[in-house]
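Student: Got a structure here, written out as structure tokens. Questions coming.
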Amino acid sequence: MNVGIAYADKFKQTWLKLEVPDGSTIKEALEFSGLLKQFPDIDLENQAVGIFGKISKLDTKVVDGDRVEIYRPITADPETVERRDRNNDDE
Numbered sequence: 003m004n005v006g007i008a009y010a011d012k013f014k015q016t017w018l019k020l021e022v023p024d025g026s027t028i029k030e031a032l033e034f035s036g037l038l039k040q041f042p043d044i045d046l047e048n049q050a051v052g053i054f055g056k057i058s059k060l061d062t063k064v065v066d067g068d069r070v071e072i073y074r075p076i077t078a079d080p081e082t083v084e085r086r087d088r089n090n091d092d093e
């Protein structure tokens with residue numbers, strides 16, 4: 003079955019489309035993709051993963067056409083960071 007794998011770090015966005023065996027879990031699909039070797043800083047014990055924007059467990063089975071995503075931790079608290087107004091270029 004075909005699935006997509008999406009990951010973005012600070013410098014690069016990666017999108018892979020690959021074929022995985024039927025009944026594969028998110029973790030198995032990620033291991034099969036080679037992405038964990040390409041980005042050794044990915045820590046599946048501490049980073050959330052999901053399918054189409056919905057957080058899921060590593061043992062969730064993927065189905066044909068799923069997009070598996072690895073989410074980076076939030077590095078800034080949105081309540082304490084000053085809002086950037088894109089429409090106001092006068093400042």
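Positions 3 to 93 (our numbering) are the ones given, in order, by the sequence shown.
Ideal Cβ positions, reconstructed from N, Cα and C, are used throughout, including at glycine.
All values reported here derive from a predicted model rather than from experimental measurement.
#1: Look at the alpha carbon of Q15 and the alpha carbon of A8, and state the distance between them as a whole number of angstroms.
#2: By Cβ distance below 8 Å, which residues in the same chain neighbour D66 in space, the five residues on each side in sequence not counted?
#3: Please report the straight-line C-alpha distance between K12 and K56, rounded to a whole angstrom.
#4: Going by DSSP, what residues sit across from N4 in a beta bridge?
#5: Between the Cα of E71 and those of E81, A31, E21, spot the shortest distance and give me the residue it belongs to.
Tutor: Looking at the atomic coordinates:
#1: 8 Å
#2: M3, N4, V5
#3: 22 Å
#4: E21
#5: A31
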